[in-house]
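S.K.: Pasting a structure here, questions to come.
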Amino acid sequence: MKRPMLVVISCLLIVFCWGRSSSRADEVDAEETGYSDRTIDEELEDDTLDGREYGLSSALAPSSSTKTHQLIDARTGLVVNSTEYPSNWNVISKPSYTIDQKLPTFLIQITGPDHLNSFNTPIAYHVDYQDPQMAQLMYNTPYGKMIRPLAGPQQIFNEEVKGRMAKSGFEYLGEREQPEVTRYLRNKIASKSGMDTALSIYNTEWKNSKGQKAMASVSVISMEQPTVSGNMMVWFYTVNYTFVDESAYEKTLELMKEATFSYRENPQWEEYVNRLGQQRARENQRRAQLAAAQHQNRMQARWSAFNAHQDKMKGIWAAQDANHASFMNRNFGAGSDTGQRQFINMINEEETVYNPLTGNNYQVNAGSTEYWMDSDGNYIRNDDLFYTPNGDINLNNREWVRVENAH
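Throughout the sequence shown, residue numbering follows mature numbering (1 follows the signal peptide of the UniProt record, and there is no 0), covering -25 to -1, 1 to 382 in sequence.
Right under this line is the structure:
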């Protein structure tokens, strides 16, 4: 991944983890939302990665009124950042590595007084090519499923939030701007990123007949990146759901704003991200040089074979062997294990996919356009390129990742 993308992922932590306070989850229709039956607590029990729990950390609490919650990278054990929350709020978090295998984003859930309950949906990632020809070309690659024109937060709201909230018994009240928070987040992004990066937030307020009030916030962050054929737009979005008793709604929003302003980054984590960017830049350069050298060697080998064939027919058997090897590589892969697996899959009408959540390969029934899988190996077959199970209330807020063919 290029260095700019590392910066953007750091910005995602600022924007998409800025806070979400809410009301009791069991007051929202469990059948309709699916969020009350399974929480991040249970997800953490199922996936502690290295045996440690990544939940509430209050050891550094500066006073009785607040406590510190740390977001921790499960790969390195480093603290990514920390935030001060009211001491009577329970905060749990879980790292996710679906965007980058070494840089986490986080699912966060907050519960507390006045039926406080808040959570964010997994981050969705898309690419928008400005050049229509390049976009059409990329549609035919494994990355085609990520291509989508940049959508504003209101469009995401209409697609994913509006119907779900209404179906769960909430009445739409209107928009709610939070200029101080938005300005703070944009300034944070500007200080970390010298690129053309934009942030859009759309907050809406709701209430139900049980005395609860809610805020649903859609956040979209986008970044332009230059390419050989022109610019492309990389963009991400998430939805933060906030529910709380109506009598405590304004107070809770104010406390959440204070928590947002207490956000602190860990310098050691920033150093790690910088080193990782430098390491990847060197690796990309090494691969480019190796590819150029291999191409030159192939061209020289082909020219030598041609001259040898013109002189005499001595190279005919070598040429046939080369053609056979090329045929096998094209149809069955460069390794014999890969070829055998693909041949068996062809007979059984199956595909082998790699799940980055577990690091393991799985067998799935062939014939679908794409497959989504969770950390337990459960998978969803899908032929709708615009469908994503992440954030689907009916799927219990589980994290799903789009899996690709194993190589």
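Ideal Cβ positions, reconstructed from N, Cα and C, are used throughout, including at glycine.
Report back the beta-carbon spacing between threonine 179 and phenylalanine 132 to the nearest angstrom; my notes put them in contact at under 8 Å.
M.R.: Here residue 179 refers to the residue found at position 204 of the sequence shown. Here residue 132 refers to the residue found at position 157 of the sequence shown. Contact flag correct, Cβ pair sits at about 7 Å.
S.K.: Whose CA, out of Ile83, Asn183, Asp351 and Ala276, lies closest to the CA of threonine 213?
M.R.: Working through the sequence shown from its first residue, we reach residue 213 at position 238. With distances taken between Cα atoms, threonine 213 lies closest to Ile83.
S.K.: If alanine 381 sits next to threonine 327, beta carbons under 8 Å apart, how far is it from one beta carbon to the other, in whole angstroms?
M.R.: Locating residue 381 in the sequence shown gives position 406, where the first residue counts as 1. Locating residue 327 in the sequence shown gives position 352, where the first residue counts as 1. Confirmed, Cβ separation roughly 4 Å.
S.K.: Are the region 212 to 227 and the region 188 to 195 touching by the rule of at least three beta carbon pairs closer than 8 Å?
M.R.: Cβ pair count under 8 Å is three or more, so yes.
S.K.: Could you name the residues of the same chain whose beta carbon sits closer than 6 Å to that of tyrosine 177, not counting the 5 residues immediately before and after it, in chain order?
M.R.: Working through the sequence shown from its first residue, we reach residue 177 at position 202. Result list for tyrosine 177: Pro128, Gln129, Phe132 and Val193, in chain order.
S.K.: What three-state label does DSSP hand threonine 41 in the structure shown?
M.R.: Locating residue 41 in the sequence shown gives position 66, counting from the first residue. Three-state result, threonine 41: strand.
S.K.: Going by CA-CA distance only, name the one from Asp359, Tyr354, Val195 and Asn259 that's closest to leucine 332.
M.R.: Locating residue 332 in the sequence shown gives position 357, counting from the first residue. Residue Tyr354 is the option with its Cα nearest to leucine 332.
S.K.: Let me make sure I understand the geometry here. Which of Trp181, Glu199, Arg151 and Glu150 has the alpha-carbon closest to that of alanine 173?
M.R.: In the sequence shown, counting from the first residue as 1, residue 173 sits at position 198. Of the candidates Trp181, Glu199, Arg151 and Glu150, the one whose C-alpha sits nearest the C-alpha of alanine 173 is Glu199.
S.K.: Taking just the CA atoms, how far does asparagine 63 sit from glutamate 233?
M.R.: Sequence index remark: in the sequence shown, residue 233 carries index 258 (1-based). Sequence index remark: in the sequence shown, residue 63 carries index 88 (1-based). Taking the straight line from one Cα to the other gives about 15 Å.
S.K.: With DSSP as the reference, please indicate the residues paired to methionine 207 in a beta bridge.
M.R.: Here residue 207 corresponds to residue number 232 of the sequence shown, with the count starting at 1. Paired residues: Tyr104 and Gln200.
S.K.: DSSP on leucine 279, reduced to helix/strand/coil?
M.R.: Translated into the one-based positions of the sequence shown, residue 279 becomes position 304. Note that residue 279 corresponds to serine in the displayed sequence, not to leucine. The answer is helix: DSSP assigns serine 279 an H, G or I state.
S.K.: Output yes or no for whether 8 Å exceeds the beta carbon distance between asparagine 365 and threonine 80.
M.R.: Residue mapping note: residue 365 aligns to position 390 of the sequence shown, counting from 1. Residue mapping note: residue 80 aligns to position 105 of the sequence shown, counting from 1. No, they are not a contact pair.
S.K.: Taking a contact to mean a Cβ-Cβ separation below 8 Å, would you say glycine 144 touches serine 184 in this structure?
M.R.: The count along the sequence shown starts at 1 and reaches residue 144 at position 169. The count along the sequence shown starts at 1 and reaches residue 184 at position 209. For glycine 144 and serine 184, yes; Cβs fall inside 8 Å.
S.K.: Scan the region 79 to 149 and note each continuous beta strand (DSSP E) run of 3 residues or more that stays entirely inside, going in chain order.
M.R.: Whole beta strand (DSSP E) segments, 3+ residues: 80 to 87, 91 to 95 and 99 to 104.
S.K.: On the DSSP letters alone, give me the boundaries of the beta strand (DSSP E) that leucine 174 sits inside.
M.R.: Position 199 of the sequence shown, counted from the start, is the residue given in the question as residue 174. Taken as a continuous stretch (DSSP letters only), the beta strand (DSSP E) holding leucine 174 covers 172 to 182.
S.K.: Could you give the residue range of the alpha helix (DSSP H) that holds proline 154?
M.R.: One-based indexing of the sequence shown puts residue 154 at position 179. Counting along the chain, the alpha helix (DSSP H) containing proline 154 begins and ends at 154 to 167.
S.K.: Tell me the DSSP secondary structure of valine 376 in three-state form.
M.R.: Here residue 376 refers to the residue found at position 401 when the sequence shown is read from its first residue. Strand at valine 376.
S.K.: Could you tell me if lysine 142 is buried or exposed, where buried requires 16 or more neighbouring beta carbons within 10 angstroms of its beta carbon?
M.R.: One-based indexing of the sequence shown puts residue 142 at position 167. Lysine 142 should be labelled exposed.
S.K.: So what does isoleucine 67 bridge to, in DSSP terms?
M.R.: Against the sequence shown, residue 67 aligns to sequence position 92. Answer by DSSP bridge pairing, in chain order: Gln84.
S.K.: Looking at C-beta atoms only, is the number of pairs between the region 231 to 248 and the region 68 to 75 that lie closer than 8 Å three or more?
M.R.: Cβ pair count under 8 Å is below three, so no.
S.K.: So, helix, strand or coil for arginine 356, using DSSP?
M.R.: Taking the sequence shown and counting its residues from 1, the one referred to as residue 356 is at position 381. In the structure shown, arginine 356 sits in a strand (DSSP, three-state: E or B).
S.K.: Could you check whether leucine 251 and lysine 77 sit closer than 8 Å to each other, using their CB atoms as the reference points?
M.R.: Walking along the sequence shown from the start, residue 77 turns up at place 102. Walking along the sequence shown from the start, residue 251 turns up at place 276. Yes, the pair counts as a contact, with Cβ atoms nearer than the cut-off.
S.K.: Does the Cβ of serine 343 have 16 or more other Cβ atoms within 10 Å, making it buried, or fewer, making it exposed?
M.R.: Residue numbering aside, residue 343 sits at position 368 when the sequence shown is read from its first letter. With fewer than 16 other Cβ atoms within 10 Å, it is exposed.
S.K.: How is leucine 265 classed by DSSP in three states: helix, strand or coil?
M.R.: Within the sequence shown, the letter at position 290 stands for residue 265. Looking at leucine 265 - three-state DSSP - the assignment turns out to be helix.
S.K.: Under 8 Å between the Cβ atoms of methionine 274 and aspartate 103?
M.R.: The residue you call residue 274 lines up with position 299 of the sequence shown. The residue you call residue 103 lines up with position 128 of the sequence shown. For methionine 274 and aspartate 103, no; Cβs fall outside 8 Å.
S.K.: Count the other CB atoms within 10 Å of the CB of arginine 158; is the residue buried (16 or more) or exposed (fewer)?
M.R.: Taking the sequence shown and counting its residues from 1, one reaches residue 158 at position 183. Under this definition arginine 158 is an exposed residue.
S.K.: Excluding sequence positions up to five away, which residues of its chain have a Cβ less than 7 Å from the Cβ of arginine 261?
M.R.: Here residue 261 corresponds to residue number 286 of the sequence shown, with the count starting at 1. There are no such residues.
S.K.: Tell me phenylalanine 218's beta-bridge partners as DSSP assigns them.
M.R.: Along the sequence shown, read from residue 1 onward, the residue named residue 218 stands at position 243. Asn92 and Ala189.
S.K.: For tyrosine 114 and threonine 41, I'd like the C-alpha separation in whole angstroms.
M.R.: Taking the first residue of the sequence shown as 1, we reach residue 114 at position 139. Taking the first residue of the sequence shown as 1, we reach residue 41 at position 66. Spanning the two alpha carbons is a distance of roughly 49 Å.
S.K.: On the CB-based measure, 16 or more other CB atoms within 10 Å of its CB, does residue 400 come out buried or exposed?
M.R.: Any question about residue 400 goes unanswered here, given that the chain covers just -25 to 382.
S.K.: Just how far apart, CA to CA, sit glutamine 269 and glutamate 258?
M.R.: One-based indexing of the sequence shown puts residue 269 at position 294. One-based indexing of the sequence shown puts residue 258 at position 283. Each residue's alpha carbon lies about 16 Å from the other.
S.K.: What would DSSP say about arginine 151, mapped onto helix, strand or coil?
M.R.: By one-based count along the sequence shown, residue 151 stands at place 176. Coil at arginine 151, not helix or strand.
S.K.: Please name the residue, chosen from Thr43, Trp278 and Asn335, that lies closest to serine 57 on a Cα-to-Cα basis.
M.R.: Start at 1 with the first residue of the sequence shown, and residue 57 comes out as number 82. Selected option, being the one with the closest Cα: Thr43.
S.K.: Could you tell me the distance, in whole angstroms, from the CA atom of leucine 148 to the CA atom of glycine 352?
M.R.: Within the sequence shown, residue 148 is the residue found at index 173, counting from 1. Within the sequence shown, residue 352 is the residue found at index 377, counting from 1. If you take the alpha carbons of leucine 148 and glycine 352, they lie about 40 Å apart.
S.K.: Ignore the nearest five residues each way along the sequence and tell me which others in asparagine 241's own chain have a CB closer than 8 Å to its CB.
M.R.: Taking the sequence shown and counting its residues from 1, one reaches residue 241 at position 266. Correct list, in chain order: Leu53, Val54, Val55, Asn56 and Ser57.
S.K.: Could you give the DSSP three-state label for threonine 213: helix, strand or coil?
M.R.: Along the sequence shown, read from residue 1 onward, the residue named residue 213 stands at position 238. Residue state, collapsed to three classes: strand.
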